[in-house]
Structure formats: C-alpha cells, structure tokens
Amino acid sequence: MVTKDRSSFKVIGTRPLRPDGIDKVTGRAQYGADIRLSGTLSGHILRSPHAHAVIKSIDTSKAEKLPGVKAVVTGADLVLPGKTLDELPDLSANVLAGRKALYRGHAIAAVAAINEQVAREATRLIEVDYEVLPVVLDVRESMQPGAPILHQAMRTRTPSGPGDAPSNVVAHTQVINGDIEAGWKDAVEIAEGDFSTSMVHQGYIEPHAATATWNSDGQVTIWSCTQGAFPARERTSTILGHPISKIKVIPTEIGGGFGGKIGVYLEPVTALLARKTGKPVKIQMDRDEVFEGTGPTPGTSIRAKLGATKDGKFVAFQADLAYENGAYGGSAANYATMCITAPYDIPNFHLDAFDVVVNKPRTQDYRAPSSPAAAFAMEQLIDELSEKLNIDPLKLRLMNAAHEGTRGPTGMPYKRIGHEEILEAAIDSPHYKSPLEGPNRGRGVASGFWFNVALRSSVNVSVQPDGTVNLIGGNTDLSGTRASLAMQLAETIGVAYEDVKPTVVDTDSVGYNDVTAGSRVTFATGIAVHEAGNKLIKEMTGRLAETWQVPVEDIEFEDGTFKTKDGAKSGTFKEIAQAVVGRGPGLTASGSVNAGFLQGGAFAHHIVDVEVNPDTGKVNILRYTAIQDVGTAVHPSYVEGQLQGGAVQGIGWALNEEYYYDEEGRMVNSSFLDYRIPTTLDVPMIDTILIEVPDPLHPFGVRGVGEPPIVPPLAAIANAVARATGVRQYQLPMSPRRILETTKDVV
Amino acid sequence: MTQKVVSTTINGEPVQFLSEPGGSLLTALRDELGLTGSKEGCNNGNCGACNVVLNGELVNSCCVLAMEVEGADLLTIEGVAQGDQLHPLQNSFLENAALQCGICTPGFIVAAKVLLENEPDADEARIRHWLAGNLCRCTGYDKIVRAVLDAAEQMRQPAAT
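Shown next, in the form of structure tokens:
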C-alpha cells in the first residue's frame, strides 16, 4: 500500500507549528471545564465511602428541600422502561450505582443546583443506608474460593464454557502455541519469577468535565473533554435509552487522556440532570474523584517462566497472568496474552490469563493497555537469562526478535516490523556504547510492543475559494493530530501545510470516528485523509478536463501539479482549485475507513542508567534513551514528544506510582501530592532515536507511536536496579521503602 | 454568605469583581471574570496549572483567597502576550513542541516568565528546580525545559533596534 517514495516527501518529516498552538499558549483554548452556557446549573456527585456495600436505601428528600437544589438523581433514574434496578447493566451501574457500591468513590447520586456550593451541600444531605460487606482488593485473593463475591451472577468464561458457580474471575483465556513440553526439554537455562504491579492512574492534568442541555424536543447536546465523542454518544444513548440521533456530543479540547477519558462518567449524568431540570448542567470532577471514581489501569500478578538453549534461543515460555479489572468485567488480561510474547519468536508457549474483579474502580485503558506489566515480567526473565548465559542482553534479544513472517500477537504472521532494527540501533547508540562506572549504578534495557488499534475514521475535505483546503475530522486532538493529519493531506494533494486548515467537529458534523487512542489517529485517520485527498484530485481532474477540453486520461497529477501529458497546460493544485471552485459547484470529498482491529505493530526499546542510594533506597535516573520504530515520523518533534512522555510515565509507574489502599479499601493517596507523578526534578532529558521502518498497511508508512514508549520503562529500570544492587525486583513500584526492604542484606 | 467587592488590577486593567469570603482567586478568575486560561488540575496547589503572578510573586491561584488580591497587581496567562505579539516563552513553547494536550501550558509559561525575569541566566538545573511545582503528564518535561532554555537565550539578546 505504500504509494510514495519516501525521499520525495515534501511535508511529511518537517516540523511545522501546530494549528491549535497559539490558542494553547495564550490560554484561549476551551477545555472541558471552560464551557460556559447561560443559566447553567452546577452538579456534584455523591460517592460511596465504602469499597463494598449493599445500598439498602437512598433518601434524597432533605437534599431536594435545600433551597437552590433543582434535581437529584440516582441509579433508579437509569432504569429503562420494563426493567428493574436489579437489571441495571454494568455500563449504567458504573455511572450511578444500582444495588451495590463496588468500590470507594463509586457514584451513588448526583445533584444539580444553582451553584457548586449548594450542590455540594445537598450531596451531604442525601441519606444512604449501606450494609457494609467484606472487601477484596488483591487479584490473587479475589480468585480464591471463599473470597467476597462482587457479582452473584458472574460465571467465569473459560475455554470449556461458563463456570457453574459465582466467581470473581470474569474470564480465563488460554493461548497455546507449539509444544510446551518439548520446549522445556530443549531448554538448558530457565528463568522464572512471580511479578506484581500496582494499580496506577493515567494522571492527566485536566479533571473530567461535562456540560449538557436537554431541549423539550428531546435534542441533547453534551460538551465533554472525551477521547471519543462518537463512543461517548453511543454509550450515553445506551445508558439513557435515548436515540443516538437525538444526541450530539461536542468534544472540547482535552487536557490529557491516555485511555482514561474513553469511558463515560459525567456525560449521561449531566444529560439526565438537564432533562430533569430543563436547564444546562455542568459537572467538573475534583482531583480525588478522578483518582477514586474514574478508570485507572489494572494491578497485576504474573507468574512466568522462560527457557532458552545454551546458545540463547528461546524455546519455551509459560505464564499465568492475572489482571485486576476493578469492579466490573474487562479484557485486560486477554490483551496481555497478545502482547507478552509479541516482540519475540518463541516456538512453544502456554499462557493462562485471568480477568478478575476486585473492589477497586472499574479499570480503563492506559497507554498500551496490559503490555507494560507483561513486559515487566518477560523482559526481566530475559535479563536474567542473559546473565546466566553470559550473553549481552541486547544481542540475546536480537537473536530472538520477531520479524516479518514471525507469528504475531493475533496469530497471524507479522508484516514488515522493526524490532530487529531498533535493537541494532540500541547496540550502536552512544548511550549503550558509553561506559557506566561507579558504585550502586546499573544499566538496564527492555523492549516493548503495541499494535495500531486502527478501527474506523471519517474525514471531510472541502476546497475554499482561495485554493486552500479545510480538513474536517472528528478525533479530539490530544497531542498534535490536527498537525499530523493536515500534513498527510498536504502531502497527498501537493500543497503547503499552511494551506490545509484542520478542524475537529462534533458528532453531527462528520462521519463516524472511533476514539483518539490506541495509537490509531495518525495511522487510521491518516488513511482516511489520504483517501479523501485522492478523491479530491480525481474530482478536480474531471472538472479540469472539461475546462481544458481534453480527455480525463490526458491529465496527470504529480508533485502538486496538474498537467496535460503533452505539457501544454499545467497548474498547481492551488491555481486549479481557485479556477475550478470559482466557477463550479463546491469541491468536497470524504474519506471513511475501517482500518481493521489490532493492525500492524510498533516496537520500542529503552536504555536506562540508574543509581541506587543505599541509605535512602531512592533510585535516580541518570540517563535515558528511547528508541522506537515509528514507521514514518510525520512530525518528528511530536513523535519524539510521544517517546519522551511515554518514557516518563513509565518511570513514574516503575518508581513511585501506586493506588495505596487501607484494609477497608480506601485509597489513601488520592491527591497529586501523595500519588506523586514524576516532576521536572525526577527525570533527566530523554534522548530519542527514531527508526523508520515503513508500515506496509499505511500509504505513507505511518505506524502509531503513542503507546509503545510506556511499555519498556518498568522492566528497563528493574533490570538496571538489579544490575546496580544484585537484587531482582519483582514488585512495583520500586519505591525507596521497597528498595531498602529488598536490598538490606546485600547493599 | 455575603459577597464582597474586590478591586484589583489584572493584566494592567483595573478590575472589580464579587467574591464569597471563602472563594479562591482561581474561581474568581474563571467564574466571575471569564479568564479561563488559568486551569484547575487539583485545587490544592499540587499541579501549578492555575499559576498567576501576584505582585510579582508566582502563586497557585487556587490557594489564594480572592479577598487577598484587594489592591494587588495580577498577571494571568491572558496578559502574557502583548496584543498579537506572543511572549518569547510562548513562541518558544510552540517552536520546541513543548506542549501536547496544552492544559498545563499556561501555568508553565507563567511560572517560567517569573523565573526568567528574576534570573535571566537560569540553567537547566535551576529551571528544573523552579518548575518542579508544575506537573505535565504528556511531555516528560524534556521539551519544556528546552523551550525555557531557548526563551531565556532569546530574552537575553538586546532588543533589536
């Protein structure tokens, strides 16, 4: 599908300024909380103080009587006609609880009032009678017989059909490749370990916010800082039983998401309150609500074992992976089975994966969902084998690396991928070639994998009278996709980047777009942009043939210029566009794709040097290099930014971040100060090396780049700590306390 | 509770607004005055997204009572550019790709402006120390620090004549 010689790119590979940049450096950009409609009521949500409790009754009468209160809603308001509260689907019950509160922070009721103070005061007047139940917080404990059951109706989905008793195990997935017993017979060296990671949050700086209106004709408009306006519309429609055609979601600018703003929380609640009051209603979460009431990423327990021949060839891998899905079912562990072996060619493996519910918030995706914890296990086993076999850790990976034709994560063979290329680049990098000296210091490396989620995208393009082109899309811009899409259109139709004006619009104004997530927008929406651009060229060629009075076949388009084959007539896109649009009907085109699911694949490799303070247990990052196969770097600065940002999120996950619970299931660090994402002082500059192995699935060779860089850091830092201290780290975060505990006998 | 009138100067203009006794400066800026460039990320001084300059000092406006700014001189992100002339820091953030989602950007620019006006020679270590109160989850800080270093260099150049 690669249609263009990369050396001829004129726009792709340059570093223009983003079209939304000035609004964002001057404070003009409108984010979720910045929406202000006349007469808006303020909403606030009452949340469960208990991690597990039956909601026996909710008395809202005192709250409703408070002057200034306009409406109070509970889960009962989400019960659709003909249904009962007992039948409230998970999707609805996570927005406003049904019969049970399943985690601390679970939304119980919501109030709309004349201002925020009154709304908050009213939530305190709501009387909830809870029957507190025992909690289960640990994924392995939750799998045991006798654990408190969250959902009496839940039966484990297994390869041999559903289980016969209530269980907290949502699903048991098994993936088998080759002959694992034969593999172990061939294995000379074996590394194994029991790894665990804590639940962590995406930590976007902008709290969730939504504003809704509900007109008397049933037309609903919702402004939300969502990652996906279309999925938010669908879910709101499902939850409220209101037709999709009557709901318009307007995506505001979004202050970070990383997967955490895919789910709906406030959208249906504000809409419900707007229906009840007849007025616009706005709700903005507090930071502790973001931590406790939205969707972090699962904590995990992974028991894994890797065997290699004496030459270092991986021949057998076995893993038991348990992922906390939080209060409701999900499929994180299922993804993990696809990611954990993805970077390598392993002939024999056997994977058992368990998605498990616990009394914690319903989890959501967080950048390369499931893959970082999987790599934390796998890449440490590889490191251990490299020490046992006395083979350089990069060379050991290189000799086992997946390449074109290797069985990929979905079972299909890989098309062209770049894991080998990035390992070679790592070996040749200035960082890896430099010596690391000094006590308590160590160097670690690790690889990581993620797909392009691909999915569905639609765009419209329209030519303006001055020959410039408007590009209308429906994907919220988290980090520069207006620019990366405009650049691809400019490249397709041969105009300057400045002649393309990208706009993000609402769900009524463009065809369907899936979420801005999963490293998919620059990839999949880019394909739609390319398609729309080509349609535009075709349409212009047809009209030009009439104008020039030549057969269509005699007109060629190359490097932004239309010309007749004999060269007698020619004109640039802009010149022709001005002429054609000047006379004829409007010139528009659209591009719509379903680029598939879990396509392609991108690999990252990170190198890190650490120094461990033997007195305090603090791990300092001395030097960090992120290497990645980025396919084609459309805007290299923004690609570097993805690598750097992902690496630093991974550093936080490795060293600091965790949901810290007391025994009753109360998160005790639900502020930025206590949860503590990395600051400027915690990290050095992050060096990047961009390797471009074009993805054959994309016309310009683009690969998604956002997810892979969060995958390697956890393991890379653990490997560095192991080499610095001689003690392997099986548990995250590697906080000073844990480092001191695990190394006290050796350092 | 009775609202009171607060008289202050914001971005060079005399301004009066009404505030509850317990209302924060951030709430006043955003809800009373429509200056939504100052962002709320935490409402307790952890993240710096609401940074403004109060009588020359960098503050988290979520941790300042609106009543406290009576008679004060305030600068918010909306006053950093001069008309259509972006401040060197704003240009530098754009040119260095120092923002991704952009929600933390106003706070970083206001914070960095205070630093560079007081310490035009600030180096990387000093910049990292000064900006440790501003959280960014997208960039990993690399390009932000470089943008501030670049802007510092530009601001040290004598103005063109």
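The listed protein sequences correspond, in order, to chains A and B. Residues in the first sequence are numbered consecutively from 9, following my numbering. Residues in the second sequence are numbered consecutively from 203, following my numbering. C-beta: ideal position from N, C-alpha, C; glycine also.
Per DSSP, residue i forms a beta bridge with which residues?
i	result
F605(A)	A462(A)
Q287(B)	Q284(B)
A121(A)	S50(A), V77(A)
R55(A)	A115(A)
F325(A)	L314(A), F357(A)
R415(A)	P421(A)
A230(B)	For A230(B), which the question treats as bridged, DSSP gives no partner whatsoever.
A220(A)	I230(A), V289(A)
E566(A)	T569(A)
G481(A)	V467(A), V512(A)
Here's the rule I'm using: 16 or more other beta-carbon atoms within 10 Å means buried, otherwise exposed. How should residue i be labelled?
i	result
G575(A)	exposed
I184(A)	exposed
I291(A)	buried
K241(B)	buried
E648(A)	buried
I63(A)	buried
T92(A)	exposed
V676(A)	exposed
M420(A)	exposed
T204(B)	exposed
S15(A)	exposed
T624(A)	exposed
V272(A)	buried
L681(A)	exposed
R528(A)	buried
Spatial neighbours of residue i within its chain, please: CB distance less than 6 Å, with the 5 preceding and 5 following residues excluded, ordered by chain position.
i	result
G337(A)	V178
W556(A)	K577
N123(A)	S50
H250(A)	none
A540(A)	V467, V469, A597, S598, G599
P24(A)	Y505
A353(B)	P290, L291, S294
Could you check whether residue j and residue i sit closer than 8 Å to each other, using their CB atoms as the reference points?
i	j	result
N478(A)	S466(A)	no
I615(A)	V729(A)	no
S598(A)	L663(A)	no
D522(A)	F238(A)	yes
R330(B)	G211(A)	no
V208(A)	E665(A)	yes
S263(B)	L231(B)	yes
A433(A)	P27(A)	no
A732(A)	V620(A)	yes
A115(A)	V103(A)	yes
L276(B)	T211(B)	yes
P288(A)	T244(A)	no
F570(A)	V503(A)	no
Sorted by chain position, which residues of the same chain lie with C-beta nearer than 8 Å to residue i's C-beta, five sequence neighbours on each side aside?
i	result
S209(B)	P216, V217, Q218, E272, G273
T164(A)	P170, G171, S175, V177, V178, A179, H180
G286(A)	W222, S224
M9(A)	The predicted position of M9(A) is uncertain, since its pLDDT is 45 and thus under 50; a value taken from the coordinates is nonetheless stated next. Excluding residues within five positions, the ones whose Cβ falls inside 8 Å are P704, L705, H706, P707.
Please list, in chain order, all residues of the same chain as residue i whose beta carbon is under 7 Å from its beta carbon, the five residues on each side excluded.
i	result
Q607(A)	F459, N460, A462, L705
L145(A)	V366, N367, K368, Y669, G673
Q227(A)	K254
Inset, instruction - For the stretch 241-261 of chain A, enumerate the residues whose C-beta is nearer than 9 Å to any C-beta of chain B, in chain order. - result: E261
Legend entry - Interfacial residues, the stretch 21-40 of chain A to chain B, with Cβ spacing under 9 Å: R23, L25, R26, D28, G29, I30, D31, K32, V33, T34, G35, R36, A37, Q38, Y39
Inset, instruction - Identify each residue in the stretch 332-359 of chain B for which the Cβ-Cβ distance to at least one residue of chain A is less than 9 Å, and report them in chain order. - result: W332, L333, A334, G335, N336, L337, C338, R339, C340, T341, G342, Y343, D344, K345, I346, V347, R348
Legend entry - Residues from the stretch 196-229 of chain A in contact with chain B, defined by Cβ distance under 8 Å: Q210, G211, Y212, I213, E214, P215
Inset, instruction - Could you run through the stretch 670-693 of chain A and flag, in chain order, every residue whose CB is less than 7 Å away from some CB of chain B? - result: S679, F680, L681, I685, T687, T688, L689, V691, M693
Legend entry - Chain-ordered residues of the stretch 645-659 of chain A with a beta carbon less than 9 Å from chain B: S645, Y646, E648, G649, Q650, L651, Q652, G653, G654, A655, V656, Q657, I659
Inset, instruction - Can you give me, in chain order, the residues of the stretch 309-324 of chain B that have a beta carbon less than 8 Å from any beta carbon in chain A? - result: I311
Legend entry - Residues of the stretch 286-308 of chain A whose Cβ lies closer than 8 Å to any Cβ of chain B, in chain order: Q292, D294, R295
Legend entry - Contact list for the stretch 86-107 of chain A against chain B, Cβ threshold 7 Å: none
Legend entry - Residues, ordered as in the chain, of the stretch 467-487 of chain A that lie near chain B by beta-carbon distance below 7 Å: L486, S487
Inset, instruction - Name, going along the chain, the residues of the stretch 322-334 of chain A whose beta-carbon falls closer than 7 Å to a beta-carbon of chain B. - result: none
Inset, instruction - Could you list the residues in the stretch 230-242 of chain B with a C-beta less than 9 Å from some C-beta on chain A, going in chain order? - result: R232, D233, G236, L237, T238, G239, S240, K241, E242
Legend entry - the stretch 125-158 of chain A: positions lying closer than 7 Å to chain B by Cβ: none
Inset, instruction - Taking a Cβ distance cut-off of 7 Å, strictly less, list which residues of the stretch 561-572 of chain A are near chain B, in chain order. - result: none
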